[in-house]
Structures are given as structure tokens and as C-alpha cells.
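K.L.:
Numbering (our numbering), first residue to last: 25 to 407.
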Amino acid sequence: MRWIYALGICVFLGAILFVAQYSAFPTEEAYVAPAQEVRILPAAVALAPTLSSTTTRAATSSPERVSTTTTQQKQGKLYIEPKKENPETRSVVRVEDPYTSPALSFDTVNISTRAALVNIFCVPSGGSLSPISGSGVFIDSRGVILTNAHVAQYVLLAQSGLVDLACSIRTGAPAAPSYKVSVLAFPRVWAIEHAEDAKTRSRLGTGEHDWALLRAFPMNNSSSQLSVYALDIDTRPAIGFVDDQVLGAGYPAEFVGGTIAQTQLFPASSVTRIDELFTFGSTTVDVFSIGSLIAAQAGSSGGAVTNKWGKLIGIITTTSEGVSTANRSLRALTLSYIDADLQQQVGRNLKDFLAQNLDDLSENFAQTTLPSLANILLAPLAR
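1. Would a C-beta distance cut-off of 8 Å place Leu170 and Trp214 closer than the cut-off?
2. Suppose the cutoff is 7 Å on Cβ atoms and the five residues either side in sequence are ignored; what does the same chain contact list for Gly231 look like?
3. Under the rule that 16 or more other beta-carbon atoms within 10 Å means buried, what is Ile216, buried or exposed?
4. Just mark Leu71 as buried or exposed, buried being the case when its beta carbon has 16 or more other beta carbons within 10 Å.
5. My output table needs one value for Asn388: the three-state DSSP class, helix, strand or coil.
6. Which first and last residues belong to the beta strand (DSSP E) in which Gln269 is found?
7. Considering only residues of the same chain and omitting the five flanking positions on each side of Asn388, which have a CB-CB separation below 8 Å?
8. Applying the criterion that 16 or more other CB atoms from any shown protein chain within 10 Å of the CB defines a buried residue, is Tyr178 buried or exposed?
9. In the structure shown, what three-state DSSP assignment does Thr84 receive?
10. Put Pro198 into one of helix, strand or coil per three-state DSSP.
11. CB Ala197 to CB Pro276, shorter than 8 Å?
12. Kindly list the residues whose CB is nearer than 8 Å to the CB of Pro395, restricted to its own chain and excluding five residues on each side of it in sequence; keep chain order.
13. Check whether the segment 357-371 touches the segment 187-206, counting contact only when three or more Cβ pairs, one atom from each stretch, lie closer than 8 Å.
14. Let me check understanding here. Comparing Cα to Cα, which of Ser202, Val295 and Gly229 lies closest to Phe304?
15. With a CB to CB cut of under 7 Å and the five nearest residues on each side skipped, what residues in its chain are close to Gly315?
16. Using a Cβ-Cβ cutoff of less than 6 Å, which residues in the same chain neighbour Glu112 once the five nearest sequence positions on both sides are dropped?
17. Identify the residues that DSSP records as bridge partners of Tyr203: which are they?
18. Taking only the alpha-carbon atoms, compute the straight-line gap between Pro404 and Ser159 and give it to the nearest angstrom.
19. Taking C-beta to C-beta, are Ala328 and Leu238 nearer than 8 Å?
20. So, with DSSP's three-state summary, where would you put Phe377?
21. Alpha carbon to alpha carbon, what distance is there between His174 and Ala390?
22. Closer than 7 Å by C-beta to Ile400: which residues in its own chain qualify, once you throw out the five before and the five after it? Chain order, please.
23. Let's test the definition: count the other Cβ atoms within 10 Å of the Cβ of Ala379 and tell me whether it reaches 16, buried, or not, exposed.
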């Protein structure tokens, strides 16, 4: 039976090549249209020599776009008047004056963001498969990492023992092994909806449910508690708006070889602006797109998007089509969406979830949830 899993994981890892982006507030209300389906950022990207030749098919559907077409000026600010003739028109209002403290320089934001950024690295112990690399960010000083489900699935499979794969958390520049890793929370709905993706090299998606929580452990197997630098999160809706400046950061790996990624993988970060807002079918801002930047590569999935106050407001998830980073637009899940979806999938929002005992969470997930999720992800490969 194990040979079936071994064969299946070879197909699984070989097939996955998807990678999964403050100034004044210029817009107080914006139109939200249905979201579009785009290429899942090979955030967890298999670093294969043929990666650059991978092709993707055109998107067929997508999340709803938040249109920013101006219809009138209102008290010196842009105002988006709902299109009454369109029954699906949606509008959102930004959070005005969200912080009492002054904005920081992006030099300062860059330093703090990189300090919390991690590289999630998985290595098959045998065969010709290349390593798998993705990104994540510490959101709790005890070692809790927020990343994408399409990155964390490798950690989950490695932890299950059904796959001959070893994963670790790397930090620094270049990335170096720093922590062991396990899964704390993973949306079952994502596993069910994306298990068949293992059979295709071209993956499309909106990013819906594409989040996961991991836990870092000391490398020496000690029971000592971690104390790492973690970013503050802002889970309020509409906290990031069109034309707001943000910093996107990750460990891009698409344009480097597997050998280099193992020893000389560096983080990349850039200042850009939010271009568009998207929703998964309501008036909430669930996804936003950011302009082209160097992090628009496989390996950046799960990377951080922070605002001018150094708050984490999104994680990189998908990208538009493009042969180079200059031709791509990154899309990020908002923290407000992740917070709401965690509540729906697990029964607690981020604040309440992180208030729990991590040892209890780890044990409960490993005993009651992980085995069934691993079987869901591997089942299509055994058929």
C-alpha cells in the first residue's frame, strides 16, 4: 500500500507548480463586483528545472471585483455611487482614521515585516524530486504562523507520516533552518475542493478558504516555549483600500533552481499600492490585488502584506498571468476574510483561537483532524 502513496506523492509534488501583493484615504466607498478566478500562486511551488516552461490556461470565473469608477465628487473625496440598475452591485466603506498612532516609514515597516517572515521548506528524502518552498508570517510570539492552505498541505502530509517528506521553517537571509513545524488549523473545505488539483499542473482559484495556521517548534526537540517576533494583525473589514500603499514580502523561488533555493534563498519585499478590491459574494472585502513586484513569483504564497502602520492586513495567495513579475498582479486574502472564515470553519475567530493553549490545539488537531485531511488529499492519487 505504501508504494501507492509513494507513487501518488511523486505525481502530487511533480504536478504542483502553482504560486500562489498609506497615504491619504482617497476613496470612502467602493463598488464590489464578483471575484475572478486566477492562477494559484505556486506559493508552495515545486522547484523543478522545467518550472519556467509551465503553462496555465485562461481563467473562466473569478471573485467579484470592486470597481472604483468615480461617478461624482462628494466633500472632496471620491464617492462611488451604487449602480442601481445592477442588482448585484455591492459597495464597501473604508475604515476612516483606523489608528491613533502616526504612520511609520516603509523602511521601518520593511524591517518589522521581514523579521516576522518565514520560509516553509519541504524536502523529499529520496528520489529526483526538487524541494518545495512557500512563505508564511508569524502572527503570535509563541510561534504561530499564518500561510496558505496550498502551502500548508505539504506540512500536513509530512506530519501524517503517509508521505516521505520532511518540512521545516527557515528564517533569515539567506533562509536557514530555524524551527520544526506542525499544523494547528486547516480548512477541511479547501482539502475537499482542491484534492483533485494534484492531477493537474495548471491550477486556478479565487483564493477562497486558502489559509492555514502552523506552529513552529525548537529544532532541538526541547519543550521550551518559543518567543519570536510576530506582526500585529488587523482583522477589521475594509482596512485596506484602493490606492493605499502597502508592503508585499515573501520568499520568491520561481526563477531560481532547486539547489540555490536550498542554500541561497533570500526574502524579497517591495512597496506598492492596492489596485482593486474583491469579494466572494457579499459586501465584504475578501481579496485585494496589488501591483507588480518581485514577490510575484512561485514561493511567495503565504507571504505578508502590511500597511503603513506595520499591521498585517493580507497574505499573498494568487497571481494574474504573466511571463515575468512585471506583467503580474498579486492578490492577497484579507485578514478580515481569514478571521471570518476561521470562525465559520473552526468555530473561533483569530483572537479567540490564539487565546487557547497551543499544546492542546496541536494535540487535538493531530489526533482528530489530521488523519482524515491527509486521506482526503491523498485519495485522488491512489485511484
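We treat Cβ as the ideally placed atom computed from N, Cα and C, and that holds for glycine.
P.N.:
In short:
1. no
2. Val311, Thr341, Thr342, Arg355 and Leu357
3. exposed
4. Bear in mind that a pLDDT of 34 at Leu71, under 50, signals an unreliable position, so the number given afterwards is only what the model happens to contain. So Leu71 counts as buried.
5. helix
6. Gln269 to Gly274
7. In the same chain as Asn388, and ignoring 5 residues on each side of it, no C-beta atom comes closer than 8 Å to its own.
8. Its Cβ being crowded by 16 or more others within 10 Å, Tyr178 is buried.
9. Low confidence applies here, because Thr84 scores a pLDDT of 27, under 50, leaving its location unreliable and the question unanswered by this model.
10. coil
11. no
12. Ser184
13. With a cut-off of 8 Å on Cβ pairs, the segment 357-371 is not in contact with the segment 187-206, counting fewer than three such pairs.
14. Gly229
15. When the five nearest sequence neighbours on each side are left out, the beta carbons in the same chain lying within less than 7 Å of the beta carbon of Gly315 are those of Gln45, Thr296, Arg297, Asp299 and Ser353, in order along the chain.
16. Only weak support is given to the placement of Glu112: the predicted model assigns it a pLDDT of 49, under 50, and the value that follows is read from those uncertain coordinates. Same-chain partners within the cutoff: there are none.
17. Ile193 and Pro242
18. 26 Å
19. no
20. helix
21. Near 18 Å, if we compare the C-alpha coordinates of His174 and Ala390.
22. Ala215, Ile216 and Ala219
23. exposed
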